[in-house]
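Participant: What follows is a single structure, and I will ask about it in a moment.
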């Protein structure tokens, strides 16, 4: 193992935190969807991929970067709602396993569609703010990484404001806490399910777009992102947003350290070993007590 | 009969009917090449038995980036074959040639049943098969057992070695053992004594890494750090951080897109200033756009001469072939040519050259055996990857002289012979 | 509950098996091409896995999204023992199966503390970890590119390599697997399983030791998967982590679900249907869209998964027996035939 100094450890930490932020964004979408609809959406990663792909499409059509990003997110929100209506809604009374399989089937179909439309060639987006990387005590922080962490923070803030201070946000929270009670007070739970899927998809799309300049955009980038995001959401028992935030950052950093200190090959395994550990470490009761409160 | 056994009977019937459909559907439709049912042969003198040649590439899946150009090259050749009515044997008999193009998805377990099908059901006389080293290795036992020629388009030397166990297997891509020495030689010429060896975690990467180790030993260069990454990895900062902390003076890489451009991008982002020496896996233009022109600037790597076809000296036997290939490919496929398309082209051409030596009237078994012998003794064939000189000891037929160094300058490939180093 | 779960009369069951055996024995006379036979071989191999999966999911009620891991362990176990250590394939197969069963027990202890989604996700994670492990342990497993050149199973000295011979071999195994599973289902063990599936607290109150039953069923399904994996390895003479990844786990659940999770008889048919559908897609789609059909297949497969889960969550056998009953069964068929001119 090479001789590491402080700046190297800092480097691992920073890279890990920025990757972790992506996981957080995707996990939050998952947690959100689960809280409102009770569905574990294993197609969440594909929304990230779609966001990135559509961003590339709009950008190549000569729209400015910011506009492309915005349009892409809006499109994916719509797609998310559409998918909810077409695939989840008809199966609302089906057993859990069936619904999980449905989301998997959706993920596969979306991936295939992306392959058909955009082919196998990876695409890329330019850095949001081109320029030399920022140096911090010897560690290098690419500008895009700052964007990633910053975007995640902003999204969290917006979510917090939404849930805490808007009527719609409170209605969604009501759904998450107790669907029947929410219905009794006049909340449209079907509509909430649609909204939840749309917003969850949108959050994923944001994650996809903001990571696109750093890694490349290809039709199968969603698979691994979705799985990692899913692991993180489980850390919060699928219901707790704050746990997802902490968990996501932690996972990113753990992966980075494992890769640096042990071997790069086991990086992917880290997420699943962690998943295993988390699943075994928790009991059902704990999960139910940490309900999603929309606080970040 | 009780209700249960009634259901069982019913289901047994359903199974029988359902599997009968397999019989109806499957053998009747080999995947058509897009210009199948082509030219209605007009009155031609002596038309012999048509030849079927398989073409298995990773058209979808992780290696599709390589397999698609290969498939395009095959399609291009099929069009040319149809236009000229096939090939002519030594006895003047014309034979139509049909390429059966199939997708392996880059996976051995998809490729193997497809290979078995074209061998036994379709009766191919030979097949091009294997975009990646992994799939090629999986197919080797299948073709060896069936005693049918297989020409791979992948890099790993293990595909054709040991020759005693690879009687029926050939390949057209330069081996890592032809290209790795160039990477090391460049490092040595620049005075570096300590290098890092990064490679992608699959058969191709392993083969490249071991070729680099051998070459480094021969040149007296020390490898101070070895790291791997997965073909689909998005984040290599951990490995690059280790690199920064080491005392390597240059980075040697064995990887293909998409890992290669991601690595390059993040390499620059980390502010590393040591030279970046890739291998022939990045021999396609999209590498430059994906990594970013500024990031790719200064990257050096060995390549088949396709890269710099126009900059070759006029006496080079490959120059004309390459220029013609580039023209034809761009007209047919509508995109820039790459070395991978070249590997596909070379592979089909090898088989065609062999077929041209077969007289009419042979049985399928005889055709297969004689074809193998003809290909094994092919000499002086100027293809896109190099000048092929095959022999019973050498089923690749290329040498390090078929490879040149290239430097990426201003977003273009610049021919980089040793004089310029 | 589907008509095919529940209790069978002895005679009914043996009639059914005899019918199946006859059909299977005669099938190669109609379908002779190696391609058709190799498809049937694959159907047979995967049926063994799905039968085990039915026991686990349909009878014990435990979701498994990681069954491919056991399949992979069996396949790689056979592969490594026969290539690196040069063991006889017939010895390697049971040894791998025992090893896989042990792994199943070890995994089962922690994993069965989870329920519902969490259990499903635990099995998912387990499956992925195994795939990564197989891919990383390069010296023995050959890494991501797999391990080629696996020796064939031999019968009295001659290697079994033609598709026809393998067909008979595999289906012999499959029939045995079927009979064993049917016996299990019909026994005290099977009744206990059903009690656990329907209500764990109630089963516990009857004195059934839940975790022991779950573990044993998991181990049994693991053995099934392992044997199938070994057969697959000797058939393809090649193993790779691709062949036993999450994708396969999902396909296996789909096959089991299509056949009807609680139906042992449904398992081979569900398997056959899913494989045939994939095959039909592979053949038909190139005709519609020219070359490069891979993308369309992927889309169609995903869409199919969704549609089947929405409309046929109880599986094929339920739909079939429902339709059969609605049509009046065998008597109804006779009546209709008499009425027709």
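Chains as they are written, first to last, in the working numbering: chain A, 1 to 296; chain B, 1 to 421; chain C, 1 to 341.
Every residue gets a Cβ at the ideal spot worked out from N, C-alpha and C, and that includes glycine.
On a predicted model such as this, the values are computed, not experimentally measured, just so you know.
Whose C-beta lies closer than 7 Å to the C-beta of residue 52 of chain B among residues of the same chain, with five residues either side of it excluded?
Facilitator: Along the second chain, read from residue 1 onward, the residue named residue 52 of chain B stands at position 52. Excluding sequence neighbours, residue 52 of chain B sits near 98, 100, 122, 123, 124 and 125.
Participant: Assuming residue 227 of chain B is part of the beta strand (DSSP E), what are its boundary residues?
Facilitator: The count along the second chain starts at 1 and reaches residue 227 of chain B at position 227. Residue 227 of chain B -> beta strand (DSSP E) spans 222-229.
Participant: For residue 340 of chain B, which option in B:406, B:76, B:131 and B:290 has the closest C-alpha, if you only look at C-alpha atoms?
Facilitator: In the second chain, the residue the question calls residue 340 of chain B occupies position 340. Of the candidates B:406, B:76, B:131 and B:290, the one whose C-alpha sits nearest the C-alpha of residue 340 of chain B is B:131.
Participant: Check for me: the alpha helix (DSSP H) holding residue 59 of chain C runs from which residue to which?
Facilitator: Numbered from its first residue, the third chain carries residue 59 of chain C at position 59. Taken as a continuous stretch (DSSP letters only), residue 59 of chain C belongs to no alpha helix (DSSP H), as it is neither H nor E.
Participant: Determine the DSSP secondary structure at residue 263 of chain C, reduced to helix, strand or coil.
Facilitator: As a first step, residue 263 of chain C must be located in the third chain, where it is residue number 263. Note: residue 263 of chain C maps to coil in three-state DSSP.
Participant: So with Cβ pairs under 7 Å, would you call residue 233 of chain C a contact of chain B?
Facilitator: Start at 1 with the first residue of the third chain, and residue 233 of chain C comes out as number 233. No - not a single Cβ of chain B is within 7 Å of the one on residue 233 of chain C.
Participant: Residue 52 of chain B lies in the beta strand (DSSP E); which residues open and close that run?
Facilitator: Within the second chain, the letter at position 52 stands for residue 52 of chain B. Its beta strand (DSSP E) spans residues 51-57.
Participant: Who does residue 279 of chain B pair with in a DSSP beta bridge?
Facilitator: Looking up residue 279 of chain B in the second chain gives position 279. Residue 279 of chain B is not bridged to any residue.
Participant: Taking the straight line between their C-alpha atoms, what separation do you get for residue 65 of chain B and residue 345 of chain B?
Facilitator: As a position in the second chain, residue 65 of chain B is number 65, starting the count at 1. As a position in the second chain, residue 345 of chain B is number 345, starting the count at 1. So the alpha carbons of these two residues sit roughly 16 Å apart.
Participant: Roughly how many angstroms separate the alpha carbons of residue 284 of chain B and residue 250 of chain A, rounded to a whole number?
Facilitator: Here residue 284 of chain B refers to the residue found at position 284 of the second chain. Here residue 250 of chain A refers to the residue found at position 250 of the first chain. Going from the Cα of residue 284 of chain B to the Cα of residue 250 of chain A covers about 38 Å.
Participant: Compare the Cα-Cα distances from residue 123 of chain A to each of B:193, B:166 and B:258 and report the closest residue.
Facilitator: As a first step, residue 123 of chain A is located in the first chain; it is residue number 123 there, counting from the start. Ranking the options by Cα distance to residue 123 of chain A, first place goes to B:258.
Participant: Taking C-beta pairs closer than 8 Å, name the residues in chain C that residue 395 of chain B reaches, listed in chain order.
Facilitator: Taking the first residue of the second chain as position 1, residue 395 of chain B is located at position 395. Those within 8 Å of residue 395 of chain B in chain C number zero; the least Cβ separation is about 17 Å.
Participant: What's the C-alpha gap between residue 384 of chain B and residue 343 of chain B?
Facilitator: Position 384 of the second chain, counted from the start, is the residue given in the question as residue 384 of chain B. Position 343 of the second chain, counted from the start, is the residue given in the question as residue 343 of chain B. The straight-line gap from Cα to Cα measures roughly 7 Å.
Participant: Does any CB atom of chain F fall closer than 7 Å to the CB of residue 382 of chain B?
Facilitator: Of the protein chains in this structure, namely A, B and C, none is chain F.
Participant: Indicate whether residue 229 of chain A and residue 30 of chain A have their beta-carbon atoms separated by less than 7 Å.
Facilitator: The sequence position of residue 229 of chain A within the first chain is 229, counting from 1. The sequence position of residue 30 of chain A within the first chain is 30, counting from 1. Yes, these two residues count as a Cβ contact at 7 Å.
Participant: State yes or no: is the beta carbon of residue 125 of chain A nearer than 7 Å to at least one beta carbon in chain B?
Facilitator: In the first chain, the residue the question calls residue 125 of chain A occupies position 125. For residue 125 of chain A, the answer is no, since every Cβ of chain B falls outside 7 Å of its Cβ.
Participant: Taking contact to mean 3 or more Cβ pairs, one atom from each stretch, closer than 8 Å, check whether the stretch 157-167 of chain B and the stretch 286-304 of chain B are in contact.
Facilitator: Too few Cβ pairs lie closer than 8 Å, so no.
Participant: Apart from the five residues on each side of it in sequence, which residues of its chain come closer than 6 Å, Cβ to Cβ, to residue 40 of chain C?
Facilitator: On the third chain, residue 40 of chain C is found 40 positions in, with the first residue counted as 1. The answer, listed in chain order, is 167.
Participant: Please tell me whether residue 169 of chain A has its Cβ less than 7 Å away from any Cβ of chain C.
Facilitator: The sequence position of residue 169 of chain A within the first chain is 169, counting from 1. No, residue 169 of chain A lies away from the interface with chain C (no Cβ there is under 7 Å from its Cβ).
Participant: When you compare the CB of residue 204 of chain A with every CB in chain B, is at least one pair closer than 7 Å?
Facilitator: Looking up residue 204 of chain A in the first chain gives position 204. Answer no: the Cβ-Cβ gap between residue 204 of chain A and chain B never drops below 7 Å.
Participant: Starting from the C-beta of residue 206 of chain C, find all residues in its chain whose C-beta is less than 7 Å away, skip the five residues before and the five after it, and write them out in chain order.
Facilitator: Against the third chain, residue 206 of chain C aligns to sequence position 206. Result list for residue 206 of chain C: 195, in chain order.
Participant: What number of angstroms, rounded off, separates the C-alpha of residue 102 of chain C from the C-alpha of residue 216 of chain C?
Facilitator: Locating residue 102 of chain C in the third chain gives position 102, where the first residue counts as 1. Locating residue 216 of chain C in the third chain gives position 216, where the first residue counts as 1. In a straight line, the C-alpha of residue 102 of chain C is about 11 Å away from that of residue 216 of chain C.
Participant: What are the boundary residues of the beta strand (DSSP E) that includes residue 171 of chain B?
Facilitator: Mapped onto the second chain, residue 171 of chain B falls at position 171. Its beta strand (DSSP E) spans residues 169-171.
Participant: In whole angstroms, give me the CA-to-CA distance for residue 24 of chain A and residue 79 of chain C.
Facilitator: Residue 24 of chain A sits at position 24 when you count from the first residue of the first chain. Residue 79 of chain C sits at position 79 when you count from the first residue of the third chain. If you take the alpha carbons of residue 24 of chain A and residue 79 of chain C, they lie about 40 Å apart.
Participant: Would residue 48 of chain B and residue 360 of chain B qualify as a contact pair, given that the criterion is a beta-carbon distance under 7 Å?
Facilitator: In the second chain, the residue the question calls residue 48 of chain B occupies position 48. In the second chain, the residue the question calls residue 360 of chain B occupies position 360. In this structure, residue 360 of chain B lies closer than 7 Å to residue 48 of chain B by Cβ.
Participant: Between the Cα of residue 13 of chain A and those of A:262, A:257 and A:266, spot the shortest distance and give me the residue it belongs to.
Facilitator: Counting from 1 along the first chain, the entry for residue 13 of chain A is found at position 13. It is A:257.
Participant: What alpha helix (DSSP H) runs, 4 residues minimum, are completely inside the stretch 94-145 of chain A?
Facilitator: Within the stretch 94-145 of chain A, the complete alpha helix (DSSP H) runs of at least 4 residues are 96-118.
Participant: So, using beta-carbon positions, are residue 268 of chain A and residue 132 of chain C closer together than 7 Å?
Facilitator: For the purposes of this step, residue 268 of chain A is taken as residue 268 along the first chain, with counting starting at 1. For the purposes of this step, residue 132 of chain C is taken as residue 132 along the third chain, with counting starting at 1. Going by C-beta atoms, residue 268 of chain A is nearer than 7 Å to residue 132 of chain C.
Participant: By alpha-carbon positions, which one of C:137, C:110, C:192 and C:174 ends up nearest to residue 126 of chain C?
Facilitator: Stepping through the third chain from its first residue, residue 126 of chain C is reached at position 126. Nearest option by C-alpha distance: C:110.
Participant: Keeping to the same chain, check which residues put their C-beta closer than 8 Å to that of residue 290 of chain A; ignore five residues upstream and five downstream.
Facilitator: Translated into the one-based positions of the first chain, residue 290 of chain A becomes position 290. In this prediction, residue 290 of chain A has a pLDDT of 47, which is less than 50 and means its spatial position is unreliable; what the coordinates show is noted afterwards. Hits under 8 Å: 236, 237, 239, 240 and 243.
Participant: Taking just the CA atoms, how far does residue 61 of chain A sit from residue 277 of chain B?
Facilitator: Here residue 277 of chain B corresponds to residue number 277 of the second chain, with the count starting at 1. Here residue 61 of chain A corresponds to residue number 61 of the first chain, with the count starting at 1. Near 35 Å, if we compare the C-alpha coordinates of residue 61 of chain A and residue 277 of chain B.
Participant: Please report how far the alpha carbon of residue 126 of chain A lies from the alpha carbon of residue 106 of chain C, in whole angstroms.
Facilitator: By 1-based counting over the first chain, the position of residue 126 of chain A is 126. By 1-based counting over the third chain, the position of residue 106 of chain C is 106. Roughly 49 Å separates the two Cα atoms.
Participant: Does any residue of chain A have a CB that is nearer than 7 Å to the CB of residue 239 of chain B?
Facilitator: As a working note, residue 239 of chain B is residue 239 in the second chain. For residue 239 of chain B, the answer is yes, since a Cβ of chain A falls inside 7 Å of its Cβ.
Participant: Helix, strand or coil, according to DSSP, for residue 117 of chain C in the structure here?
Facilitator: As a first step, residue 117 of chain C is located in the third chain; it is residue number 117 there, counting from the start. Correct three-state label for residue 117 of chain C: helix.
Participant: How far does the beta strand (DSSP E) with residue 251 of chain B in it reach, from first residue to last?
Facilitator: Position 251 of the second chain, counted from the first residue, corresponds to residue 251 of chain B. Counting along the chain, the beta strand (DSSP E) containing residue 251 of chain B begins and ends at 250-254.
Participant: Is the distance from the Cβ of residue 307 of chain B to the Cβ of residue 252 of chain B below 7 Å?
Facilitator: To locate residue 307 of chain B, count along the second chain from 1; it is residue 307. To locate residue 252 of chain B, count along the second chain from 1; it is residue 252. The answer is no: Cβ separation not under 7 Å.
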